[in-house]
Amino acid sequence: MKQSGNEAPLTIRDVALHAGVSRATASRALSDYGVVNSETRDKVRRSAETLGYVPNVLARSMRAGKTQTIGLIITEVGLSVFDLAMRAVIEAAHRKGYQVLVSNTNEDLSAERDSMRVMLEKQVDGVILVPSAVHDLRFISPDALKGKPVTLLDRTLDSLDLPSISADNRAGARDALDHFRARGHTRIGLVVVTANIHGQTSVRPDGLVSTLHDRTEGYLEGMAAAGLPVGDDWVWFAADGGETARQAVRSILDSANPPTAILGSNANVSLAMLSVAKERGLTVGVDISYIGFDDAPLAPVLTPGLTVVDLPIEAMAEAAVENLVAQIASDAVHADTGSATALRSVVLPMKLVVRGSVGPVSGTVATGTATT
Numbered sequence: 001m002k003q004s005g006n007e008a009p010l011t012i013r014d015v016a017l018h019a020g021v022s023r024a025t026a027s028r029a030l031s032d033y034g035v036v037n038s039e040t041r042d043k044v045r046r047s048a049e050t051l052g053y054v055p056n057v058l059a060r061s062m063r064a065g066k067t068q069t070i071g072l073i074i075t076e077v078g079l080s081v082f083d084l085a086m087r088a089v090i091e092a093a094h095r096k097g098y099q100v101l102v103s104n105t106n107e108d109l110s111a112e113r114d115s116m117r118v119m120l121e122k123q124v125d126g127v128i129l130v131p132s133a134v135h136d137l138r139f140i141s142p143d144a145l146k147g148k149p150v151t152l153l154d155r156t157l158d159s160l161d162l163p164s165i166s167a168d169n170r171a172g173a174r175d176a177l178d179h180f181r182a183r184g185h186t187r188i189g190l191v192v193v194t195a196n197i198h199g200q201t202s203v204r205p206d207g208l209v210s211t212l213h214d215r216t217e218g219y220l221e222g223m224a225a226a227g228l229p230v231g232d233d234w235v236w237f238a239a240d241g242g243e244t245a246r247q248a249v250r251s252i253l254d255s256a257n258p259p260t261a262i263l264g265s266n267a268n269v270s271l272a273m274l275s276v277a278k279e280r281g282l283t284v285g286v287d288i289s290y291i292g293f294d295d296a297p298l299a300p301v302l303t304p305g306l307t308v309v310d311l312p313i314e315a316m317a318e319a320a321v322e323n324l325v326a327q328i329a330s331d332a333v334h335a336d337t338g339s340a341t342a343l344r345s346v347v348l349p350m351k352l353v354v355r356g357s358v359g360p361v362s363g364t365v366a367t368g369t370a371t372t
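For the sequence shown, my numbering gives the first residue as 1, with consecutive numbering after it.
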């Protein structure tokens, strides 16, 4: 008979007594370890179901020194690339026998700090972290982590010796420039959305996360290698993917010698580009060419389809789980120093997905006018 809620909590001893077996046998049958014949296992499980016994998995895991739980601290739930990452981490972790505790920081360092504190309080076995900043990182220093393994996903941190799974963003930017140049474009702009500024600016801000830093560097390196100038108003940084990103696109289109093509740092810039093009009556791929970083579900079904530099985020997420579980399983963390055994960081290639948003260069760019 199942409990009404007023009795003392059921224990494994109650199940063993009901099934007519020893406590050790009941424990093995419910935990799927050791040698228990199938008939006895089924009998114990029927007894547990009849009594309404639910094993305290957390307590059992804590006694074993592990909770079989990992933390995932992510920066922007709702952005397709991180939604894919979250799903891939959860699925890969489940295949390894781990549950995942997820926290979203919205690119806020204080929220990231709080999230890490909660993860440590919850006694997760390790954390996969998408860092939101490159400064003030004492909360993920070896002393603060107290031996808890961490794997960085998507972004790297030069100031800390933590294994990371990232992509070759510099090469991705250069590939985009090569594609523009193959269609005759030599005046190419860049819009970067970054959370560490307010409004928009043509002055490169300090503290860009590694992905944005490398995409910016890849653009500048690619332009320099091709012997192409970068106009003063061709590179803009915006605080978000809304109005500030749209204004950054407008600023490029309104410059004295406007680019014929624009590279966007993520899917938020892609939305801003499409919005401004519609606002001004421009056809992407005809009046202005565009390539964005990160694929999105709508990118292939738009007219024209958006050419993108695709981040292999699902493969990266799976590799991050493999990396973290390897740290956990191999006891890679040394309790006496709080430092982790160095595990290999991985950099995966990006892929240029060519669709229809890059057309041949025309003599002049059609900047358009805002409609009312």
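Using N, Cα and C, we set each Cβ at its ideal position, and we do this for glycine too.
Predicted model, so just to flag it, every value in this text is computed and none were measured.
When you compare the CB positions of Ala173 and Arg215, do they come within less than 7 Å of one another, or not? Closer than 7 Å, so yes.
With 16 other Cβ atoms within 10 Å as the buried cut-off, status of Gln99: Under this definition Gln99 is an exposed residue.
For Ala296, which three-state DSSP category applies? Of the three classes helix, strand and coil, the one that applies to Ala296 here is coil, per DSSP.
Can you tell me whether Lys148 is buried or exposed, with buried defined as 16 or more other CB within 10 angstroms of its CB? Lys148 comes out buried.
What's the C-alpha gap between His179 and Leu274? In a straight line, the C-alpha of His179 is about 20 Å away from that of Leu274.
Taking just the CA atoms, how far does Asp232 sit from Ser110? When rounded, the distance between both Cα atoms is 34 Å.
Assigned secondary structure, Gly373 (DSSP; H/G/I helix, E/B strand, else coil): The first residue shown for the chain is 1 and the last is 372, placing residue 373 beyond what the model contains.
Which same chain residues end up closer than 8 Å to Val203 when comparing Cβ atoms and leaving out the 5 residues on each side of it in sequence? Here the set comprises Phe237.
Name, in chain order, the residues that DSSP records as bridge partners for Ser103. In DSSP, Ser103 forms a bridge with Ile73.
Can Pro304 and Gly292 be called in contact, C-beta distance under 7 Å? Result no, Cβ atoms of Pro304 and Gly292 do not sit closer than 7 Å.
Does DSSP classify Lys351 as helix, strand or coil? Note: Lys351 maps to strand in three-state DSSP.
When the Cα of Ala133 is compared with those of Leu120, Thr194, Gly78, which residue comes out closest? When each option's Cα is compared against that of Ala133, the closest is Thr194.
Three-way DSSP call (helix, strand, coil) for Val192 in this model: Val192 falls in the strand class under three-state DSSP.
Sorted by chain position, which residues of the same chain lie with C-beta nearer than 6 Å to Lys351's C-beta, five sequence neighbours on each side aside? So the qualifying residues of the chain are Asp310.
Which residues share a DSSP beta bridge with Gly126? BP columns for Gly126 point to Ile70.
For a quick check, are the C-beta atoms of Leu220 and Ser265 less than 7 Å apart? For Leu220 and Ser265, no; Cβs fall outside 7 Å.
Proximity winner among Lys96, Gly97, Ile73, relative to Met86 (alpha-carbon distances): Answer by Cα proximity: Ile73.
Please report the residue range of the beta strand (DSSP E) in which Asp310 lies. Where Asp310 is concerned, the enclosing beta strand (DSSP E) stretches over 307-310.
With distances taken between CB atoms, is the gap from Ser289 to Val358 smaller than 7 Å? Contact annotation: Ser289 and Val358 have beta-carbon atoms nearer than 7 Å.
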